[in-house]
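Scroll down for the structure; my scribbles are underneath it.
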Amino acid sequence: MKLNKTIICTSLLLFGSLFHSCKKFYDVNNDPNNVIDVPVAQLLPSITVNVGYLGTSDLFRYSGLMMQQFSGQTTNTSQTFKEYERYNINNSDVNNQWSSIFATLLADIAKIIPKAEKEGSPHYAGVAKILKAYVYQVTVDGWGDVPYSEASKFAENLYPKYDDDEAIYKDLISTLDAGIADINAPASVFEPDKNTTIYPGVWATVKNNWIKFANTLKLRIYLHYSQKDPAFASSQITALINSGAQFMASNADNFQMKFLAEAGRQNPITSIEGGQFRNAFFPNRTIVDMMNVKADPRRPSYFVSFPYNSGNYKGASALDNSSVAYSRLNTFLKGDASLNSIVINPDGTITDGSITWAGNSPARLLTFSEYNFIRAEAALTLAAPGSAQTFFEAGIRSSMAESGVSAVAIDAYVAANGTLTGTNAQKLEQIINEKYVANFGVLMEPWNDWRRTGYPAITPLPISVAVYDKIPRVLIYPLSERSSNPNTPARADMLQRVFWDTRP
Numbered sequence: 302m303k304l305n306k307t308i309i310c311t312s313l314l315l316f317g318s319l320f321h322s323c324k325k326f327y328d329v330n331n332d333p334n335n336v337i338d339v340p341v342a343q344l345l346p347s348i349t350v351n352v353g354y355l356g357t358s359d360l361f362r363y364s365g366l367m368m369q370q371f372s373g374q375t376t377n378t379s380q381t382f383k384e385y386e387r388y389n390i391n392n393s394d395v396n397n398q399w400s401s402i403f404a405t406l407l408a409d410i411a412k413i414i415p416k417a418e419k420e421g422s423p424h425y426a427g428v429a430k431i432l433k434a435y436v437y438q439v440t441v442d443g444w445g446d447v448p449y450s451e452a453s454k455f456a457e458n459l460y461p462k463y464d465d466d467e468a469i470y471k472d473l474i475s476t477l478d479a480g481i482a483d484i485n486a487p488a489s490v491f492e493p494d495k496n497t498t499i500y501p502g503v504w505a506t507v508k509n510n511w512i513k514f515a516n517t518l519k520l521r522i523y524l525h526y527s528q529k530d531p532a533f534a535s536s537q538i539t540a541l542i543n544s545g546a547q548f549m550a551s552n553a554d555n556f557q558m559k560f561l562a563e564a565g566r567q568n569p570i571t572s573i574e575g576g577q578f579r580n581a582f583f584p585n586r587t588i589v590d591m592m593n594v595k596a597d598p599r600r601p602s603y604f605v606s607f608p609y610n611s612g613n614y615k616g617a618s619a620l621d622n623s624s625v626a627y628s629r630l631n632t633f634l635k636g637d638a639s640l641n642s643i644v645i646n647p648d649g650t651i652t653d654g655s656i657t658w659a660g661n662s663p664a665r666l667l668t669f670s671e672y673n674f675i676r677a678e679a680a681l682t683l684a685a686p687g688s689a690q691t692f693f694e695a696g697i698r699s700s701m702a703e704s705g706v707s708a709v710a711i712d713a714y715v716a717a718n719g720t721l722t723g724t725n726a727q728k729l730e731q732i733i734n735e736k737y738v739a740n741f742g743v744l745m746e747p748w749n750d751w752r753r754t755g756y757p758a759i760t761p762l763p764i765s766v767a768v769y770d771k772i773p774r775v776l777i778y779p780l781s782e783r784s785s786n787p788n789t790p791a792r793a794d795m796l797q798r799v800f801w802d803t804r805p
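For the sequence shown, the residue numbers in my numbering are 302 to 805.
Take a look at the structure:
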């Protein structure tokens, strides 16, 4: 699917960031901006826009479809999303995603850090370092070994080596520490202020948001070691908590990019259902049924009822025959809804245009709700400070508040479903299942949690419809890299693993 570059480039133009060529880049060391000296005040919004779009990109769709949060169902000729759900993601599919990350996003980050440091603007450099750590965390979780130490060196090295994924992970902690130190610098010639689409505002007010995010991202990174090296995960998480580090404290601290209810500035999740991909991207039966069993009050925010206005919800599956007779994604991922002339078809669906979504929902990348579930799991399984029960309940409550659920409904749900019970394994399953629902639409993390813990207990698609008889554990390397960089590792399938994925 060749969706990313067109969306990103169009959006940059409309956001006022005119710096990227919209041609395809197939080399991670091909510099798209080599003749333009762009000021840091213009580079940063370009970077944060692209981070936001990363959160709604093919990488988001690959992981969400494999994790049965979404389903590709359509009566149209395009079967792209259905193929992804069937684990049919080939090396040409990932070309644009890879080049968007390396030749655009990380290339710009590689420019802004030394430029900001040279200009005496450590606050800009600090934000960029934190964003670099986030982008690499997501990228390593997708592919494992990737170019790192020699990436973005442009003409100096056209064929960067692929660094060991665990070595990169450990260096990301150092990068986050450096970013925090820069943000805490007493003076900076230029301040990011509103020159960012993530945490925009007066610097003195928003600087702590970046610090809280960086520390919370460290927790996420350490938790990924839970199976690979639990002693390391436990010691690092405990030390970080006991250090007095600031973490996310409310939904206002969510690491996300807000899209706007304006043409060209809308969340792409809203627009992918139009044109070629109309009626092709639905909520999956697995997550819908999981929420139906508990009469989850987030459902009206997540999904449109099916049949329309029935109060019932139906998810799709790759096992179904081609159909569009399902619930649709709703305001949580697509923004404010405007009811037009509702026409209900005999099969319970509504006609196109019955509802218009504004597209002003954010790309959620790491939330306060996730922070609470991280703390709950760490307390339960790694003997980290805090109460697993307290953080578990806080994770549910913050997710529901973000979804617009009333206080009364939240209390009722928590009373029925908010107490950890049983063995530690059963309690862990409760935590991850609730985190899976709360992280609906969050890039990569549901897949990461499943690879680490085996929860939710998702049933792989049968080999009669899928490419593999197991849920994939890693992404294939792009054909563009295999063709242009001799250092690209061989990868025959998606059943190999990133370093931290050691669960049988």
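Backbone N, C-alpha and C fix where the C-beta goes; we use that ideal spot for every residue, glycine too.
In terms of alpha-carbon separation, which member of the options lies closest to residue i?
i	options	result
T720	A486, F692, I481, P501	F692
V436	L744, A468, R579	L744
P598	L520, A710, S606	A710
T376	R579, E418, R752	R579
D466	E457, L477, G443	G443
M591	S704, G545, K736, N631	K736
V507	T657, A626, E492, K519	E492
S358	I469, L666, S450	L666
I499	I431, Y603, P531	I431
Y769	N613, L796, N740	L796
E563	N509, S662, K615, A617	S662
L776	Q380, A793, S784, N725	A793
S364	Y778, F741, K728	F741
L630	I656, E451, L620	I656
I764	S489, A702, F607, N389	N389
Roughly how many angstroms separate the alpha carbons of residue i and residue j, rounded to a whole number?
i	j	result
A684	I348	38 Å
D472	Y425	20 Å
A538	L524	Before going on, a small fix: residue 538 reads as Ile here, not Ala. So the alpha carbons of these two residues sit roughly 8 Å apart.
A677	P647	46 Å
S642	I570	23 Å
F533	A429	27 Å
P346	V766	42 Å
G660	D637	7 Å
N555	T760	31 Å
N391	M367	14 Å
K567	F560	Before going further, note that residue 567 is Gln rather than Lys in the sequence given. Cα-Cα distance, rounded: 5 Å.
I732	T517	18 Å
D328	V341	Low confidence applies here, because D328 scores a pLDDT of 36, under 50, leaving its location unreliable; read the following figure in that light. Each residue's Cα considered, the two are about 24 Å apart.
V644	S623	22 Å
L459	K433	21 Å
S393	R752	24 Å
F582	F607	15 Å
Would you identify the three-state DSSP class for residue i, choosing helix, strand or coil?
i	result
T789	coil
V441	helix
K559	strand
P663	strand
Y756	coil
Y470	helix
P584	strand
F371	strand
T657	strand
Y363	helix
Y463	strand
L640	strand
C323	Note that C323 has pLDDT 33, beneath the 50 cutoff, so the model's placement of it is unreliable and no number is given.
P747	helix
P779	coil
V436	helix
V447	strand
N331	Confidence in N331 is poor, its pLDDT being 44 and thus under 50, which makes the residue's placement unreliable; the coordinate value appears in the next sentence. Coil.
A429	helix
Y354	helix
Y714	helix
R566	coil
Could you give the C-beta distance for residue i and residue j, rounded to a whole number, given that I count them as a contact under 8 Å?
i	j	result
Q547	K513	5 Å
G373	F382	3 Å
G687	A680	5 Å
G421	I484	Wrong, their Cβ atoms sit about 15 Å apart, outside the cutoff.
P773	D446	No, P773 and D446 are not in contact; Cβ-Cβ is about 17 Å, not under 8 Å.
L406	V352	7 Å
Per DSSP, what are the beta-bridge partners of residue i in this structure?
i	result
L630	F604
I645	I651
A486	Partner(s): none; A486 has no beta bridge.
A617	N585
Taking 8 Å as the CB-CB cut-off, is residue i touching chain D?
i	result
L796	Annotation note: the requested chain D is absent from the structure, which comprises a single protein chain.
Compute every distance between the C-beta of residue i and the non-hydrogen atoms of the ligand GDP, then say whether any falls below 7 Å.
i	result
Q731	Inclusion of the ligand GDP in the displayed structure is not the case, the ligand content being empty and no account of it being possible.
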